[in-house]
Structures are given as C-alpha cells and as structure tokens.
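**Q** Numbering that gives the first Met the number 0 numbers the first residue of the sequence shown as 0 and each following residue consecutively. Every residue gets a Cβ at the ideal spot worked out from N, C-alpha and C, and that includes glycine.
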Amino acid sequence: MASNLQLRGSRPTFAASRRNAVVVNARLATRRIAPPSAAKVKEAEQAVLSALASVKGRGASGMDVVNQELLNVAVEVLERNGGVPGPTTLPQLDGRWKLLYTSRPGSASPIQRTFVGVEAFKVFQEVELTGDLPRVNNVVDFGWWLGYLKVEAEASIETRPLPGFTPRRGAGLPLFGKSFAYPPVRANSRIDFQFDKAAFYIKLLPWTIPYPVPFRILGDERKGWIDITYMDEDATLRIARGNKGTLFILAKDLPVADLKGQLLAAIEAQDEPKILSAVALMEASNPTQRPAKSRLVSGTWRLLWSQQAEDASPLQKWGSSQSKNYQVIDAKAGTLENVVDLGVTKVRAQATCKAVSDTRTDVAINGAGLYTGPLKVPLGVQGTGYVDWLYLDEGLRITRGSKGSLFVHVKDDQAKL
0 MASNLQLRGS RPTFAASRRN AVVVNARLAT RRIAPPSAAK VKEAEQAVLS
50 ALASVKGRGA SGMDVVNQEL LNVAVEVLER NGGVPGPTTL PQLDGRWKLL
100 YTSRPGSASP IQRTFVGVEA FKVFQEVELT GDLPRVNNVV DFGWWLGYLK
150 VEAEASIETR PLPGFTPRRG AGLPLFGKSF AYPPVRANSR IDFQFDKAAF
200 YIKLLPWTIP YPVPFRILGD ERKGWIDITY MDEDATLRIA RGNKGTLFIL
250 AKDLPVADLK GQLLAAIEAQ DEPKILSAVA LMEASNPTQR PAKSRLVSGT
300 WRLLWSQQAE DASPLQKWGS SQSKNYQVID AKAGTLENVV DLGVTKVRAQ
350 ATCKAVSDTR TDVAINGAGL YTGPLKVPLG VQGTGYVDWL YLDEGLRITR
400 GSKGSLFVHV KDDQAKL
C-alpha cells in the first residue's frame, strides 16, 4: 500500500515520537503544532492497525524495530489531531472495546502485566457513561469454554462527576505500580475511576469466585484515570493513556457482520478511506486463527475491490480493473490460477502455491496465456511473490500481495470458468 507512513525496511518520514509515555500528556497539552490533515489522520489510523496486525499478546512479545517506529509515529499523528472533541460527552463512546495493544512501562501493575499479555485471552473494556451509574469495566475473556474475569469500576467525568469522589493523588505504593498526576490533555477527555468489585465467572461453576483484592480498604490505590487522546468520528478506534503511563489502543468490538456490511457499502460507494478503515478493523477481528493453512482458502474467489501498489505488474493492474476477475485455489494440490473473463476470451495465469506460515502463502507463476476456445496465445509471464492473509471467513477474504497491493475477494464457487 502506497503510504509515507507504511514503510517497510526504512525509517518513517515523520520525526519519531518520544518513547517516554510518562511525558506524553504534558507534551500534548502544551505543544502548539499545526494539526495534521484529514488525509494524514486516515493514513495514520490505517498505519496503527497495520503495525498491530501481527503483534502477539497485545504487545507483550514485542515488535520489530520498523513496526514499532511506524506505530509510534502514527500514534503521535493521531494524538496531535485529538480526534473528535469531548469524547467523554459522546454516547458513541459507550460500548465494548477490544484491547489491541498496550505498552508495558515499569509502573504497570502486576495484575495488568499478568493477564493482558496472554495471547490466548481476549481483553475488553466496557464503557457505560450514559447510564444511571457511569462505569468502566475491564474484562479478561479466558475462552468460551472456561469463563472470564470482570473488574468493575465507578466512573467520574467532567459533565457527570461521581458524588463524593476525589480523584487520585500521589504516586501510590510501588507494589501496585507508580501513578502520575498529569492534568487532562484536553477538556472532556478524562475518565476518573475507582474499582469497587470484581469476580471470576467460571462456566462450569454455578457461583462466582471473588477477586482476591479488597478494593474498599485500598483508598487511593483503587483509583486511577484514563485520558482519551484520540477517538475517530465513527467511534471505532480509540487511543488512551493511563495514570501509570500505559498506552492503550482499542477498537470497538463490533460484530463481524457489521464490519462486513460497512466494507461492502464502502466498496459500492467507492469510498476508499472508509474501505481502508473497514479493512483494518476486519484485520483486527479475523475469525480464522491460521488463515493461510485453513480449508477455507480453497475455492473460486471473485475480486471485489483492489488497491494496486505502484510497482505492481502491468498485467495485474490491468486484470484487477476488469469486472470479472477470479482466483481459483486448490490448497491441497498446491495450485492457484488467476482468471480474467472477457467473455469469448479468457486470460489465465497458472501458479503453484504453498503456505509458509500461518498467515502467508508463497506463489510462483509458471505460465500465462490468452485462451479463445481451443486456441492459446502464450504471454510469457513468470514470477514469484507471496500473499498475506489479513482476513478470511466462509465467504470473504482480504489479502495483501508482496508488492503491497490490497485485495478484497468474495467466494463464488458457481462461476463458470
């Protein structure tokens, strides 16, 4: 994908962001730099999600240097923009948010470090600020067969302060992680909270198991805050910073069917920024754990939309512009064929394919030609590359080629090729 943020193997063109999360709030509140353009903001949103696509354990396993710097730069662009004003006053902030990434400063609590980095678990934040009792709850989902942990907190915001609540002050006890007392980055961006209850909900047990932390006797240690430093207009992507210096990146936990609907509507309207945003969110919600090795790979796929890289081959660029463009894959046999149906004539390119990781398939084109009835005109096309599987389900796939081109296909096994 052509982008001056999405660079591979080179340094981004923006100045690198400061790595010390402790000073970010003060820096954002005091800097006077012209906000980035709308196009640059959309580009940064896509870069954030792209950089996080292969991250394990929400960042616990670390990131390669290029992706880490890409993420830092993109986050800085988004935080400088700020997103929608007054996010804590907006009803669309409410809902369930999936944690995609969190930094791990030394000030993070032991509990945070224990659960958040486990790849097998899913971590969510439930925001309920418009109800009768504003709350912010953190949920660790251990799997549908086991259960979940829910840590609940009362919430206080500028427009709805919690009666009798005093925000946290001071660094606190080292055991629970050092806390900071920076002012909010901007008006109506901070959620103060105090934990009041928590429990393990185990599927096989008829009762809950109390969380072994006596919140009510901990005083300030049960309090904290999160600043929303960026939220997009659709309330699907949110960046926040906590009182212990942690960076959080979250995506609204929308049903996959809703995301697919947004993607298909954007493709029909040819709204590229919305297409790319939907693609990035679907990538973060891929329901197939090992897509390149899945049985769902095989079949006939019709190209619905593509964004071609500048250095994509002329044949690929031409074929992708045709309305009847297909890819037929037989993963078991290790074969792949691209077909452009022009009616009487078809352009076919044959290739071998092999999954080389959970998310990548190597492809080697060994021939191509123009076919009209029994006649064939060889085109002399050969080459190698790969396909990265970003999203895959029974009827839709999203892939990125080795030169950066992006593709959306739908399953079409009824096509006569």
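Excluding sequence positions up to five away, which residues of its chain have a Cβ less than 7 Å from the Cβ of R134?
**A** Residue numbering aside, residue 134 sits at position 135 when the sequence shown is read from its first letter. Contacts found: E127, E151, A152, E153 and A154.
**Q** So the candidates are E42, A180 and P213; which of them puts its Cα closest to the Cα of T196?
**A** One-based indexing of the sequence shown puts residue 196 at position 197. First, the amino acid is wrong: residue 196 is Lys here, not Thr. It is P213.
**Q** Which residue from V327, D219 and K323 puts its Cα closest to that of G342?
**A** Residue numbering aside, residue 342 sits at position 343 when the sequence shown is read from its first letter. The option with the nearest alpha carbon to G342 is K323.
**Q** The beta strand (DSSP E) that contains E153, what's its start and end?
**A** Taking the first residue of the sequence shown as 1, we reach residue 153 at position 154. E153 -> beta strand (DSSP E) spans G146 to S155.
**Q** May I ask you to verify whether the region 217-235 touches the region 181-193, counting CB pairs closer than 8 Å and requiring at least 3?
**A** Judged by Cβ distances under 8 Å, the region 217-235 makes contact with the region 181-193, as three or more pairs qualify.
**Q** Once you ignore the five residues that flank L99 on each side, which residues in its own chain have a CB closer than 7 Å to its CB?
**A** Along the sequence shown, one-based indexing puts residue 99 at 100. So the list reads L51, R57, I248, L249, A250 and A283, once near-sequence residues are dropped.
**Q** Can you check the region 156-190 for any alpha helix (DSSP H) of at least 4 residues that lies completely inside it and give the ranges in chain order?
**A** Here no run is fully enclosed.
**Q** Just list the beta strand (DSSP E) runs in the region 328-360, keeping only unbroken ones of 3 residues or longer that don't cross its boundaries, in chain order.
**A** Runs found: 334-340 and 344-354.
**Q** Could you spell out the range, first to last residue, of the beta strand (DSSP E) harbouring V122?
**A** One-based indexing of the sequence shown puts residue 122 at position 123. K121 to E127 is the span of the beta strand (DSSP E), which, as asked, contains V122.
**Q** Cα separation between Q306 and R396?
**A** To locate residue 306, count along the sequence shown from 1; it is residue 307. To locate residue 396, count along the sequence shown from 1; it is residue 397. If I take the Cα positions, the gap works out to 14 Å.
**Q** Taking C-beta to C-beta, are A38 and L77 nearer than 8 Å?
**A** Your numbering for residue 38 matches position 39 in the sequence shown. Your numbering for residue 77 matches position 78 in the sequence shown. Going by C-beta atoms, A38 is not nearer than 8 Å to L77.
**Q** With H, G and I counted as helix, E and B as strand and the rest as coil, what does DSSP make of P84?
**A** The residue given as residue 84 occupies position 85 in the sequence shown. Residue state, collapsed to three classes: coil.
**Q** When DSSP builds the beta bridges, which residues end up paired with V74?
**A** As a first step, residue 74 must be located in the sequence shown, where it is residue number 75. None, per the DSSP bridge assignment.
**Q** What first and last residue would you give for the beta strand (DSSP E) that runs through P377?
**A** For the purposes of this step, residue 377 is taken as the residue at position 378 of the sequence shown. Element bounds for P377: L374 to P377.
**Q** Could you check which residue in T358, I238, P286 and D231 has the C-alpha nearest to that of K121?
**A** What you label residue 121 is simply residue 122 of the sequence shown in a count that begins at 1. Residue P286 is the option with its Cα nearest to K121.
**Q** So G171 and E220 are in contact, right, with Cβ under 8 Å, and what is the actual spacing, rounded?
**A** For the purposes of this step, residue 171 is taken as residue 172 along the sequence shown, with counting starting at 1. For the purposes of this step, residue 220 is taken as residue 221 along the sequence shown, with counting starting at 1. That pair is a contact at about 6 Å.
**Q** In whole angstroms, give me the CA-to-CA distance for K410 and I201.
**A** As a first step, residue 410 must be located in the sequence shown, where it is residue number 411. As a first step, residue 201 must be located in the sequence shown, where it is residue number 202. Taking the straight line from one Cα to the other gives about 38 Å.
**Q** Just verifying my parser: in three-state terms, what is the DSSP assignment at L69?
**A** One-based indexing of the sequence shown puts residue 69 at position 70. Helix.
**Q** How big is the Cα-Cα spacing for Y370 and L378?
**A** Taking the sequence shown and counting its residues from 1, the one referred to as residue 370 is at position 371. Taking the sequence shown and counting its residues from 1, the one referred to as residue 378 is at position 379. Computed Cα separation, rounded: 11 Å.
**Q** In chain order, what residues of the same chain have a beta carbon less than 6 Å from the beta carbon of P272, not counting five sequence neighbours either side?
**A** The sequence position of residue 272 within the sequence shown is 273, counting from 1. Hits under 6 Å: K41.
**Q** Which of the three DSSP states, helix, strand or coil, is assigned to S276?
**A** The residue labelled residue 276 in the question sits at position 277 within the sequence shown. If DSSP states are grouped into helix, strand and coil, S276 belongs with the helices.
**Q** Can you tell me whether Q306 is helix, strand or coil according to DSSP?
**A** Locating residue 306 in the sequence shown gives position 307, where the first residue counts as 1. Reduced to three states, the DSSP call for Q306 is strand.
**Q** Roughly how many whole angstroms lie between the Cα atoms of A265 and A277?
**A** Within the sequence shown, residue 265 is the residue found at index 266, counting from 1. Within the sequence shown, residue 277 is the residue found at index 278, counting from 1. The straight-line gap from Cα to Cα measures roughly 8 Å.
**Q** If you draw a straight line from the alpha carbon of W388 to that of R301, how long is it in whole angstroms?
**A** Position 389 of the sequence shown, counting from 1, holds the residue named residue 388. Position 302 of the sequence shown, counting from 1, holds the residue named residue 301. So the alpha carbons of these two residues sit roughly 16 Å apart.
**Q** Mind checking R159: buried by the 16 CB within 10 Å criterion, or exposed?
**A** Numbered from its first residue, the sequence shown carries residue 159 at position 160. Counting Cβ neighbours within 10 Å, R159 comes out exposed, since fewer than 16 surround it.
**Q** For N66, which residues from the same chain have a beta carbon less than 7 Å from its beta carbon, with the 5 sequence-adjacent residues on both sides left out?
**A** Numbered from 1 along the sequence shown, position 67 holds the residue referred to as residue 66. The residues are A50.
**Q** Following the continuous alpha helix (DSSP H) through G260, name the residue where it begins and the one where it ends.
**A** For the purposes of this step, residue 260 is taken as residue 261 along the sequence shown, with counting starting at 1. G260 -> alpha helix (DSSP H) spans V255 to A268.
**Q** Could you give the first and the last residue of the continuous beta strand (DSSP E) run that contains V47?
**A** Locating residue 47 in the sequence shown gives position 48, where the first residue counts as 1. Run containing V47: none in the beta strand (DSSP E); it sits in the alpha helix (DSSP H), A37 to L51.
**Q** Looking only at its chain, what residues have a beta carbon closer than 8 Å to the beta carbon of W96, apart from the 5 residues adjacent to it on each side?
**A** Against the sequence shown, residue 96 aligns to sequence position 97. Around W96: F123, Q124, E125, V126, R237, L249, A250, K251 and D252.
**Q** Considering D226, what are the terminal residues of the beta strand (DSSP E) in which it resides?
**A** The count along the sequence shown starts at 1 and reaches residue 226 at position 227. D226 -> beta strand (DSSP E) spans K222 to M230.
**Q** Among G333, V83, G368 and Y147, which one has its Cα closest to the Cα of A354?
**A** Here residue 354 corresponds to residue number 355 of the sequence shown, with the count starting at 1. Of the candidates G333, V83, G368 and Y147, the one whose C-alpha sits nearest the C-alpha of A354 is G333.
**Q** What is the DSSP secondary structure of P213, counted as helix, strand or coil?
**A** Stepping through the sequence shown from its first residue, residue 213 is reached at position 214. In the structure shown, P213 sits in coil (DSSP, three-state: anything other than H, G, I, E or B).
**Q** Measuring only the C-alpha atoms, how far is G163 from Q193?
**A** Here residue 163 refers to the residue found at position 164 when the sequence shown is read from its first residue. Here residue 193 refers to the residue found at position 194 when the sequence shown is read from its first residue. Approximately 12 Å, taken between the alpha carbons.
**Q** Go through its chain and collect everything with a Cβ distance to L70's Cβ below 8 Å, but skip five positions before and after it.
**A** Here the question's residue 70 lines up with position 71 in the sequence shown. Result list for L70: A46, V47, A50, L51, M62 and Y100, in chain order.
**Q** For R396, which residues does DSSP report across the bridge?
**A** Residue 396 sits at position 397 when you count from the first residue of the sequence shown. Bridge partners of R396: L391 and H408.
**Q** Going by CA-CA distance only, name the one from P34, G394 and R79 that's closest to K259.
**A** To locate residue 259, count along the sequence shown from 1; it is residue 260. Of the candidates P34, G394 and R79, the one whose C-alpha sits nearest the C-alpha of K259 is G394.
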